[in-house]
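The working numbering puts the first residue of the sequence shown at 224, with every later residue one more than the last.
Glycine included, each C-beta is placed from N, C-alpha and C at the ideal position.
Because the structure is a prediction, the values reported are computed rather than measured.
First comes the structure, then the notes that go with it.
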Amino acid sequence: METTMNQSYQITVNDSALSTKRWGLHAAFLFMGCYAVEFLAYCLIDHIFGIYNYYVEEYMPEGAFVIALLIVCVYYAFREKRTKGVMQLKLQFDNDAISLNVNRRQHVVRYHDITEVRKIMVIDRTHTEKGCYRMTIKCRGKGSLEFETTQQEYEAHLDFEETGLAAFYNACKEAGLKCC
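What follows is the structure, encoded as structure tokens:
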């Protein structure tokens, strides 16, 4: 694909803690880490002080689970408070790739890896009648990148063309990507 683009965009998208990808994996790693630290602390206390307690051994997995759960909840609560549910997405459309800067992390997606760019409207009829727009970039060999409009845009009931995602979607069209 031959493009001669070099455009930059900065948009605001939703950053809900509950929709964070791999939060379950974070929780599992934290549980394993907490269990390992608890086990090492118990072994050191048992070895150095000679204190043996059956109940500590018995309830060690539950203690590690509770500690890991608290750490995950506190981490995501601070993150949600810090970001207020939104994040700044900086986009750079280069000649052969899209550079995404999300929360100070740089991601590069090559145009030839992108199979399609899709926009959809999601309506949550279970809890509210409000809807949001979601844009998905499907890539070969990798997972999809998903972006949602912000809570403020939900409440304003904006058309897609009035949201920040519209500039991103239109730039993808201009780059010659398959857009649905």
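Put simply, of Asn324, Val332 and Glu371 the residue whose alpha carbon is nearest the alpha carbon of Val345 is Glu371. Tyr277 places its beta carbon 8 angstroms or farther from that of Asp269. If you ignore the 5 residues before and after Gln329, its C-beta comes within less than 7 angstroms of the C-beta of Ser322, all in its own chain and listed in chain order. When DSSP reads this structure, Phe316 sits in a beta bridge with Gln230 and Ile321. Per the C-alpha coordinates, the member of Leu263, Glu281, Tyr282 and Ile290 positioned closest to Ala250 is Ile290.
The beta carbon of Val331 lies closer than 6 angstroms to those of Ala320 and Ser322 in the same chain, with the five residues before and after it left out. Listed in chain order, the beta strand (DSSP E) runs fully inside the stretch 247-287 amount to none, counting runs of at least 3 residues. Collapsing the DSSP output to three states places Lys361 in a strand. Using a 10 angstroms sphere on the CB of Leu248, the tally of other CB atoms stays under 16, which defines it as exposed.
Between the C-alpha atoms of Asp317 and Val297 there is a straight-line separation of about 38 angstroms. Contact annotation: Tyr258 and Val279 have beta-carbon atoms that are not nearer than 8 angstroms.
Within the same chain, Cβ atoms closer than 6 angstroms to the Cβ of Lys342 are found at Met358 and Tyr392, the five residues on either side in sequence being excluded.
One alpha carbon belongs to Tyr356, the other to Ile337, and they sit about 20 angstroms apart. If you check the CB distance, Val325 and Lys401 do not come in under 8 angstroms. Phe252 and Ala287 do not touch by the CB rule: their CB atoms are close to 12 angstroms apart, not below 8 angstroms.
Rounded to the nearest whole angstrom, the C-alpha separation of Leu267 and Met283 is 15 angstroms. Contact check for Tyr334 against Ala394 fails: the beta carbons are separated by 8 angstroms or more.
Of the other Cβ atoms in all chains shown, fewer than 16 fall within 10 Å of the Cβ of Leu293; this residue is therefore exposed.
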